[in-house]
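Below: one structure, written as structure tokens.
Residue numbers (full-length UniProt numbering): 1 to 191.
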């Protein structure tokens, strides 16, 4: 069977060219749609990362300012030991400063690596500080000397939390690409 008359037929050639061009356009459309979808996904991911960083920055910055004020209001170590030995129980703040972090904890992996490290260390120290504060208050009645020593450790943990919070603010600010977001602060030098 000779196919040359069929291939040389103008109708068949036109249909073949149309099919090839149409298939090429459809294939190009698939690639173009895929490229646009990937671009949209990257833009949405960047927006999500920026939203997470802004929210964490606001939460951490607010708590850092509160910690700075608390540290300024603390009596010195000798006064604290005297007050506890006399049976006075200090009022330790209950930090509920992790609402945003708890809400986005499944997305923390999206943040830049430096931000992840400082943010996770900050929230871990908050949890340690809260648990330690409860231990201090439980020991005041039964063992005031131990409670006084523990309170000094609590203050040291609070200082470390404050410094880690400042570091987290700095890394989140850098991650947002804004070199100079003004930071409200009572005292930059710290206690």
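Ideal Cβ positions, reconstructed from N, Cα and C, are used throughout, including at glycine.
Inset, instruction - Given a cut-off of 8 Å, decide if residue 165 and residue 122 are closer than it, judged by their beta-carbon atoms. - result: Reading the chain shown from its first residue, position 122 is the one you call residue 122. Reading the chain shown from its first residue, position 165 is the one you call residue 165. Yes, they are a contact pair.
Legend entry - Collapsed DSSP secondary structure at residue 98 in the structure displayed: Within the chain shown, residue 98 is the residue found at index 98, counting from 1. Note: residue 98 maps to coil in three-state DSSP.
Legend entry - Short Cβ contact (8 Å threshold) for residue 54 with residue 169: On the chain shown, position 54 is the one that residue 54 refers to. On the chain shown, position 169 is the one that residue 169 refers to. Contact: no.
Inset, instruction - Find the nearest neighbour of residue 136 within the set 25, 74, 71, 155, judged by alpha-carbon distance. - result: By 1-based counting over the chain shown, the position of residue 136 is 136. The residue among 25, 74, 71, 155 with its C-alpha nearest the C-alpha of residue 136 is 155.
Inset, instruction - Within 10 angstroms of the Cβ of residue 63, are there 16 or more other Cβ atoms? Answer buried if so, exposed if not. - result: Mapped onto the chain shown, residue 63 falls at position 63. With 16 or more Cβ atoms within 10 Å of its Cβ, residue 63 is classed as buried.
Inset, instruction - In the DSSP assignment, find the unbroken alpha helix (DSSP H) run with residue 63 in it and report its ends. - result: On the chain shown, position 63 is the one that residue 63 refers to. Residue 63 -> alpha helix (DSSP H) spans 10-73.
Inset, instruction - Report the rounded CA-to-CA distance for residue 13 versus residue 19, giving the unit in angstroms. - result: By one-based count along the chain shown, residue 13 stands at place 13. By one-based count along the chain shown, residue 19 stands at place 19. Going by the C-alpha atoms only, they are around 10 Å apart.
Inset, instruction - Could you tell me if residue 151 is buried or exposed, where buried requires 16 or more neighbouring beta carbons within 10 angstroms of its beta carbon? - result: Within the chain shown, the letter at position 151 stands for residue 151. Residue 151 is buried by the Cβ-count criterion.
Legend entry - Neighbourhood of residue 142 by C-beta distance below 8 Å, restricted to the same chain and skipping five residues each side: Working through the chain shown from its first residue, we reach residue 142 at position 142. Correct list: empty, nothing qualifies.
Legend entry - Distance between beta carbons of residue 119 and residue 125, contact taken as under 8 Å: Working through the chain shown from its first residue, we reach residue 125 at position 125. Working through the chain shown from its first residue, we reach residue 119 at position 119. In this structure residue 125 does not touch residue 119 by the C-beta definition: roughly 11 Å separates them, more than the 8 Å allowed.
Legend entry - Contact check, residue 68 vs residue 100, beta carbons under 8 Å: Taking the first residue of the chain shown as position 1, residue 68 is located at position 68. Taking the first residue of the chain shown as position 1, residue 100 is located at position 100. Going by C-beta atoms, residue 68 is not nearer than 8 Å to residue 100.
Inset, instruction - Assign residue 115 to buried or exposed, taking buried as 16 or more other Cβ atoms, counted over all protein chains shown, within 10 Å of its Cβ. - result: The residue you call residue 115 lines up with position 115 of the chain shown. So residue 115 ends up on the buried side.
Inset, instruction - Go through its chain and collect everything with a Cβ distance to residue 74's Cβ below 7 Å, but skip five positions before and after it. - result: On the chain shown, position 74 is the one that residue 74 refers to. Excluding the 5 residues flanking it on each side, residue 74 has same chain C-beta neighbours closer than 7 Å at 155, in chain order.
Legend entry - residue 177, enclosing alpha helix (DSSP H) - first and last residue: Taking the first residue of the chain shown as 1, we reach residue 177 at position 177. Run containing residue 177: none; DSSP gives neither H nor E here.
Legend entry - Proximity below 8 Å, CB of residue 128 to CB of residue 157: What you label residue 128 is simply residue 128 of the chain shown in a count that begins at 1. What you label residue 157 is simply residue 157 of the chain shown in a count that begins at 1. Their beta carbons are under 8 Å apart, which means residue 128 touches residue 157 by this criterion.
Inset, instruction - Rounded to whole angstroms, what's the CA-CA distance from residue 38 to residue 71? Just pull it up for me. - result: Here residue 38 is taken as the residue at index 38 of the chain shown, counted from 1. Here residue 71 is taken as the residue at index 71 of the chain shown, counted from 1. Each residue's Cα considered, the two are about 48 Å apart.
Legend entry - Boundaries (first-last residue) of the alpha helix (DSSP H) holding residue 125: The sequence position of residue 125 within the chain shown is 125, counting from 1. That run of the alpha helix (DSSP H) goes 113-139.
Legend entry - Own chain partners of residue 132 with C-beta closer than 8 Å, once the 5 adjacent residues on each side are dropped: On the chain shown, position 132 is the one that residue 132 refers to. The answer, listed in chain order, is 150, 153, 154, 157.
Legend entry - Euclidean distance between Cα positions of residue 26 and residue 33: Start at 1 with the first residue of the chain shown, and residue 26 comes out as number 26. Start at 1 with the first residue of the chain shown, and residue 33 comes out as number 33. Looking at the two C-alpha atoms, the distance is approximately 10 Å.
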